[in-house]
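In our numbering, the protein residues as written are 898 to 1454.
Right, one structure below, let's go through it.
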């Protein structure tokens, strides 16, 4: 267990000796994989920190921004920043330059770390942001990158500089929005991060675990759980050059992955891959699969894995567990993986709660829930039905934004409670069920409230719909003009898109009507149905950008 009185950097530096001094982080390159040992990572990070303090005049709580793809040197930037007493600001690489400038103007970093891939962008940002004094390259330098200082070219300093870090000190500022207005920079303290460490042990992470990382390191969950907690328990991490299905699956095979943190979209993709493989087999094999699939419901995991060895081997033969978050995991998908002997657990969290509030895990799993709160975390339901949470995982606040902080953090007696913005229920066993998003609520003319999260799972029962987004539409005529109605924008499967537009519309409307009448109260039925031919815009974690979709269709007649 983590000793919370120890120096955060030193703890991680010591961990690789406890497990295996040869432990590495791997990275996909053109002709295979490159590896850097944890020993080298921490040695270079320590020297980076010493240089920052001695030669680049960084002070405690200076911000150091990182714009870089996931690669083994990213942790060097992270741990070097921590060792120097500075605050990590991981930037979303998919944001536009103006969005990144908006964030950097808010946090005013002294240093910017980057890679060759984002070198030009980093130089443009330095020109636009007067606070940035130096750009460091998290790679070996070459002649074309001479305006940045490579971490590998820094002089080796004999003196070791230490900046005291306390549990309440800020470790990182993770921005959840930077498009317009004031960006939301969530401050995570060392106490917040340490509160997550024990849960990794509960879900079975050990020094034998192998993690293929497919979430960006600017994402709070990947930084706090995918990096910090995995390294703490000695797990091996593999970073990829791109996140195509083929490259991910190949890496899972090459390294015999055991555990992964993913979004539901990825599991849906794997399920489709398995189904395509099954459909390509003979009739006898298909029938045999269906029989095994039916029987597996009553069998222990070890037997399931033997029965479905073909599917397990398609993922490298060692895959044990997926943990999903970011959006709802379809019960059909989680059931599929359970039947073939791979755990697919749903968790729940917010960046404001250091990415994790609750999770399911082996022997403590209710698939329709997001699990029980992790140890040390309190939850309750407000009178308005909103989920509130309190504990060591709660952020100190939004950087530079006390007004917004006051809106989401509420003091009750001696506890600080975070308003999650999610409607939820808690059952008698303590499992949490997310039922909707308060801000997504559709208010009908009769005063009834409808949540997209109530309607979407019903419509996703259809095999004709690839993606969909339930949203409010304004009524434009009649007595209820100006009020909201339930609408849905649907992306059909590609086979359906081969038909004529009027045929597609008729089929979609009929399908929505059929499902709504069977599963939904009449006031929840979508009355506005739009067919969309291209995929929805999504976040880096695969979640549909609901606000963006609403903006696209807000004036749709």
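All residues carry an ideal CB built from backbone N, CA and C; glycine is no exception.
None of the values given here were measured: they were computed from a predicted structure.
DSSP bridge partner residues for residue i (one or two, in chain order)
i            : result
residue 1248 : Paired residues: none, contrary to the question.
residue 932  : 923
residue 987  : 963
residue 1086 : 1067
residue 1385 : 1367 and 1426
residue 1004 : Looking at the DSSP assignment, residue 1004 forms no beta bridge with any residue, so it has no partner.
residue 1031 : 1008
residue 1309 : 1312
residue 1362 : 1389
residue 995  : DSSP, once it has assigned bridges, lists no residue as partnering residue 995.
residue 1346 : 1340
residue 1046 : 1033
residue 1435 : 1441
Residue interval of the alpha helix (DSSP H) (run including residue i)
i            : result
residue 978  : 970-980
residue 1166 : 1161-1176
residue 966  : Premise fails: residue 966 is in no alpha helix (DSSP H) and is neither H nor E.
residue 1404 : 1398-1416
residue 1053 : Premise fails: residue 1053 is in no alpha helix (DSSP H) and is neither H nor E.
residue 1447 : 1443-1450
residue 1021 : 1016-1025
residue 1329 : It is not in any alpha helix (DSSP H) - residue 1329 instead sits in the beta strand (DSSP E) that spans 1329-1334.
residue 1460 : The displayed coordinates of the chain run from 898 to 1454. Any statement about residue 1460 would go beyond what the structure contains.
residue 1200 : 1198-1204
Terminal residues of the beta strand (DSSP E) in which residue i lies
i            : result
residue 1063 : It is not in any beta strand (DSSP E) - residue 1063 carries neither H nor E in the DSSP assignment.
residue 1319 : 1312-1323
Test item: CB-CB of residue i and residue j under 8 Å
i            : j            : result
residue 1424 : residue 1383 : yes
residue 1271 : residue 1366 : no
residue 941  : residue 969  : no
residue 1235 : residue 1357 : no
residue 905  : residue 1087 : yes
residue 1171 : residue 1208 : yes
residue 1218 : residue 1151 : no
residue 1093 : residue 1122 : yes
residue 1031 : residue 953  : yes
residue 1068 : residue 985  : yes
residue 1223 : residue 1160 : yes
residue 1292 : residue 1085 : yes
residue 1247 : residue 1360 : no
residue 943  : residue 991  : no
residue 1347 : residue 1339 : yes
residue 1429 : residue 1385 : no
residue 1071 : residue 957  : no
residue 1090 : residue 1125 : yes
residue 1047 : residue 1252 : no
residue 977  : residue 949  : yes
residue 1331 : residue 1278 : no
residue 846  : residue 1194 : Here the chain has residues from 898 to 1454 only, and residue 846 is not among them.
residue 1445 : residue 1434 : yes
residue 910  : residue 945  : no
residue 842  : residue 1341 : Any question about residue 842 goes unanswered here, given that the chain covers just 898 to 1454.
residue 1237 : residue 1201 : yes
residue 1082 : residue 1004 : yes
residue 1216 : residue 1127 : no
residue 1329 : residue 1284 : yes
residue 1001 : residue 1022 : yes
Closer than 7 Å: residue i CB and nearest the ligand GDP heavy atom
i            : result
residue 1424 : The model on display carries no ligand, and the ligand GDP is accordingly not part of it.
Contact between the segment 1101-1114 and the segment 1132-1142: three or more CB pairs below 8 Å?
yes
Where are the alpha helix (DSSP H) runs, 4 residues long or more, that stay fully inside the segment 1219-1296, in chain order?
1228-1237
Check whether the segment 1010-1017 touches the segment 956-974, counting contact only when three or more Cβ pairs, one atom from each stretch, lie closer than 8 Å.
yes
Entirely enclosed alpha helix (DSSP H) segments - the segment 1088-1159, minimum 4 residues
1094-1099 and 1142-1152
So does the segment 1258-1266 actually touch the segment 1225-1243, counting three or more Cβ pairs closer than 8 Å?
yes
If we count Cβ pairs, one from each stretch, closer than 8 Å, do we get three or more for the segment 1401-1419 versus the segment 1137-1150?
no
Spell out a yes or no on whether the segment 976-985 and the segment 1050-1069 are touching, meaning 3 or more CB-CB pairs, one atom from each, closer than 8 Å.
yes
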